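S.K.: If you read the sequences in order, they're chains L and R. Residues in the first sequence are numbered from 139 upward in steps of one, following our numbering. Residues in the second sequence are numbered from 139 upward in steps of one, following our numbering. Glycine residues also receive a C-beta, built at the ideal position from the N, C-alpha and C atoms. Here the structure is a predicted model, which is why all the values come from computation and not from measurement.
Number of protein chains: 2
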Amino acid sequence: MNRARDRRPRAPRGSGERLRGEILAAATRLLGATGDEDEVSIRGVADAVGVTPPAIYLHFADKDDLIYAVCSQVFEMFDDALEATDTTTDDPVEALRARGRAYVRFGLDHPEHYRVLFMSKRSRSAKHAEALAPGMVAFQHLTDAVQRAMDAGGIARGDAVLVATGIWTSLHGVTSLLISMPDFPWPEPDVLVDHVCATVVHGLGGPSGTTIPVSGH
Amino acid sequence: MNRARDRRPRAPRGSGERLRGEILAAATRLLGATGDEDEVSIRGVADAVGVTPPAIYLHFADKDDLIYAVCSQVFEMFDDALEATDTTTDDPVEALRARGRAYVRFGLDHPEHYRVLFMSKRSRSAKHAEALAPGMVAFQHLTDAVQRAMDAGGIARGDAVLVATGIWTSLHGVTSLLISMPDFPWPEPDVLVDHVCATVVHGLGGPSGTTIPVSGH
DNA sequence: GCCGTGAGTTAGCGGCGTTAAGGGACCCGG
DNA sequence: CCGGGTCCCTTAACGCCGCTAACTCACGGC
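Shown next as structure tokens:
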């Protein structure tokens, strides 16, 4: 491993923030390498940075704070990634599907971060809610996209928030199961994602008699 | 707490299995009380039973083995609970919806166990797969129910396994998010579950022009 | 009555998150 | 040129954790 056993040189006077950045970077690297937050230990991070464990606490309140900071960093790109899909099409229904695909892709691209924010058990702290804030923005944007699809007549009118919630939970279901049960005999992820997106969207009504492209065997 | 600090009387000769049962019961109780597997410690379980920690290892290989045994116990009722819904209706599409509602209800009734089996990170051990076996039976039965709905013309024909997978992931999405993000402003769980079930099923096609009962506000 | 064996125990290892207290280099006022 | 403050980090330790090696001790069979 990349152990920096050699003590890191003392930081110059003004730069207390610098260590914070190095800790964050090391933690990010370790979380990515192990794929498991429990494998990322305060002691391990300290060692990778070349510092002693208590030094971490000068910049982060506790381990959760550090982990959330790492995930928060990644999730700042979350809403951007989803919003970017809006430019790919003018059809608001197709836009919903593209958004769904982007959601799942983002989760699979950052499985550990996704797990920490959406699948972990310590979901009641204020820190967690804070780290999750970008996700809440993304939810609002999903609701907006649903409303646009309704206004355009692409899907049946109804409670946009409820419909957005339903879409979100379904996409989360795909994402989280693909992450946590990699050994299940899944169909090709793309096929599954497209199927769920199609099911969810067309299930909302739309032009009557639409035939669903259920991917046959 | 219920600490049984007093040493438990020595077990008679033949009854090695008895302690196993007591350990399992204590672990089940502790998991239910704390709602978090990490809060259930070998030392805590041993203390609750009135025995020293190493005694646990006479009956369980390691902590995961114990936790999985606890969850496995609960999940033996899983498939039964879902299959029981089949007797409630003759309409195979309505049967699918009833099955979906039962799935979510089971997850919410046993959140810690559901989390361990479907949302935890140590999902690669043989023990885990074993504990999950009843869930796999339930998946097969879901696939069968989907096939019946297709045969009856209730939903569009297609790959029953893919469709079942899509239904499962969507239901899991609702269940797992309700468990792990209790503070999100969810709609009433029943409303959400019914909405997702309706969306998923009607999204699969069926008689053209079906109007979806999207629950408006 | 001795002896094997089943059913536990005592003692301890290495790891964890976290905290209290201390030290040493730097900057500034004198 | 020197004393003091302050910032950055260390040393030492506490109390948990999962887990293991080695031992004890009562019971049942010969």
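1. Could you say which of L:LEU300, L:ALA294, L:PRO249 and L:ASP185 lies nearest to R:GLU326 if we only look at CA atoms?
2. Quick one: what's got a C-beta closer than 7 Å to L:ARG237's C-beta in the same chain, skipping five residues either side?
3. Just tell me which of R:ASP332, R:ASP229 and R:ALA267 has its CA closest to the CA of R:GLY291.
4. If the cut is a Cβ gap below 8 Å, which residues of chain R does L:PHE256 touch?
5. Using CA coordinates, which residue listed in R:PRO191, R:ALA186, R:ASP174 and R:ARG239 is at the minimum distance from R:CYS335?
6. Out of curiosity, what's the CA-to-CA distance linking L:ALA276 and R:ILE194?
7. Drop a sphere of 10 angstroms on the beta-carbon of L:PRO114, count the other beta-carbons inside from all chains shown, and report buried for 16 or more, exposed for fewer.
8. Closest by CA to R:LEU316, which one among L:MET319, L:HIS310, L:LEU316 and L:HIS251?
9. Say whether chain L places a C-beta atom closer than 9 Å to the C-beta of R:PRO325.
10. By Cβ distance, which residues of its chain are closer than 6 Å to L:THR313, with the 5 residues on each side in sequence left out?
11. Can you find a CB in chain R that lies within less than 9 Å of the CB of L:ARG262?
12. What whole-angstrom Cβ distance do L:SER318 and R:SER258 have, given they're in contact under 8 Å?
13. So what's R:TRP324 in DSSP terms, helix, strand or just coil?
14. Spatial neighbours of R:LEU204 within its chain, please: CB distance less than 6 Å, with the 5 preceding and 5 following residues excluded, ordered by chain position.
15. Hey, could you find the ends of the alpha helix (DSSP H) R:GLY273 is sitting in?
16. Considering just the uninterrupted stretch of the alpha helix (DSSP H) at R:PHE244, what are its terminal residues?
17. Just verifying my parser: in three-state terms, what is the DSSP assignment at L:SER314?
18. Does any residue of chain R bring its CB to less than 9 Å from the CB of L:GLY311?
19. For L:HIS333, decide whether its Cβ has a neighbour in chain R, counting only Cβ atoms nearer than 9 Å.
20. Is it right to say R:GLY304 is buried, meaning 16 or more other beta carbons lie within 10 angstroms of its own, or is it exposed?
21. State yes or no: is the beta carbon of R:ARG253 nearer than 9 Å to at least one beta carbon in chain L?
22. With a threshold of 9 Å between beta carbons, is R:THR337 in contact with chain L?
23. Quick one: is R:ASP185 buried, meaning 16 or more other Cβ sit within 10 Å of its Cβ, or exposed?
24. Could you tell me how far apart the beta carbons of L:VAL189 and L:LEU157 are, in whole angstroms, since I believe they sit closer than 8 Å?
25. Which residues in the same chain as L:THR349 place their Cβ atom closer than 7 Å to its Cβ, once the five residues preceding and following it in sequence are excluded?
26. Residues of the region 169-201 of chain R in Cβ contact with chain L at a cutoff of 7 Å, in chain order, please.
27. Compare the C-beta of L:THR226 against all C-beta atoms of chain R and say whether one is closer than 9 Å.
M.R.: On the basis of the data shown:
1. Mapped onto the second sequence, residue 326 of chain R falls at position 188. Looking at the Cα atoms, L:LEU300 is the closest of the given residues.
2. The residue labelled residue 237 of chain L in the question sits at position 99 within the first sequence. Annotation for L:ARG237: LEU220, THR223, LEU280 and ALA283 place their beta carbon closer than 7 Å to its own, counting only its chain and skipping 5 residues before and after.
3. Position 153 of the second sequence holds residue 291 of chain R. Taking only the C-alpha atoms, the option nearest R:GLY291 is R:ASP229.
4. Residue mapping note: residue 256 of chain L aligns to position 118 of the first sequence, counting from 1. Chain R residues near L:PHE256: LEU315, SER318 and MET319.
5. For this step, residue 335 of chain R is matched to residue 197 along the second sequence. When C-alpha distances from R:CYS335 are compared across R:PRO191, R:ALA186, R:ASP174 and R:ARG239, the shortest belongs to R:ARG239.
6. Here residue 276 of chain L corresponds to residue number 138 of the first sequence, with the count starting at 1. Here residue 194 of chain R corresponds to residue number 56 of the second sequence, with the count starting at 1. The straight-line gap from Cα to Cα measures roughly 47 Å.
7. Examination of residue 114 of chain L is not possible in this model, given that chain L is present from 139 through 355 alone.
8. Taking the first residue of the second sequence as position 1, residue 316 of chain R is located at position 178. Answer by Cα proximity: L:HIS310.
9. Within the second sequence, the letter at position 187 stands for residue 325 of chain R. Answer yes: the Cβ-Cβ gap between R:PRO325 and chain L drops below 9 Å somewhere.
10. Translated into the one-based positions of the first sequence, residue 313 of chain L becomes position 175. Around L:THR313: VAL242 and GLY245.
11. By one-based count along the first sequence, residue 262 of chain L stands at place 124. Yes, contact with chain R.
12. Translated into positions along the first sequence, residue 318 of chain L becomes position 180. Translated into positions along the second sequence, residue 258 of chain R becomes position 120. Between R:SER258 and L:SER318 the Cβ distance is about 7 Å, and since that is below 8 Å, they are a contact.
13. As a working mapping, residue 324 of chain R is identified with position 186 in the second sequence. Of the three classes helix, strand and coil, the one that applies to R:TRP324 here is coil, per DSSP.
14. For the purposes of this step, residue 204 of chain R is taken as residue 66 along the second sequence, with counting starting at 1. In the same chain as R:LEU204, and ignoring 5 residues on each side of it, the C-beta atoms closer than 6 Å to its own belong to ALA165 and PHE198, in chain order.
15. Reading the second sequence from its first residue, position 135 is the one you call residue 273 of chain R. From DSSP, the alpha helix (DSSP H) with R:GLY273 extends over 271-289.
16. For this step, residue 244 of chain R is matched to residue 106 along the second sequence. Counting along the chain, the alpha helix (DSSP H) containing R:PHE244 begins and ends at 230-247.
17. Within the first sequence, the letter at position 176 stands for residue 314 of chain L. L:SER314 carries a helical assignment under DSSP once its states are collapsed to helix, strand and coil.
18. Within the first sequence, the letter at position 173 stands for residue 311 of chain L. At least one chain R Cβ lies under 9 Å of L:GLY311.
19. Start at 1 with the first residue of the first sequence, and residue 333 of chain L comes out as number 195. Closer than 9 Å to some Cβ of chain R, the Cβ of L:HIS333 qualifies, so yes.
20. Position 166 of the second sequence, counting from 1, holds the residue named residue 304 of chain R. Buried, by the Cβ-count rule.
21. Locating residue 253 of chain R in the second sequence gives position 115, where the first residue counts as 1. By this cut-off, R:ARG253 is an interface position.
22. Reading the second sequence from its first residue, position 199 is the one you call residue 337 of chain R. At least one chain L Cβ lies under 9 Å of R:THR337.
23. Locating residue 185 of chain R in the second sequence gives position 47, where the first residue counts as 1. Result: buried.
24. Residue mapping note: residue 189 of chain L aligns to position 51 of the first sequence, counting from 1. Residue mapping note: residue 157 of chain L aligns to position 19 of the first sequence, counting from 1. That pair is a contact at about 7 Å.
25. Along the first sequence, one-based indexing puts residue 349 of chain L at 211. The predicted position of L:THR349 is uncertain, since its pLDDT is 39 and thus under 50; a value taken from the coordinates is nonetheless stated next. Excluding sequence neighbours, L:THR349 sits near nothing in its chain.
26. Answer in chain order: ASP174.
27. Start at 1 with the first residue of the first sequence, and residue 226 of chain L comes out as number 88. No, no contact with chain R.
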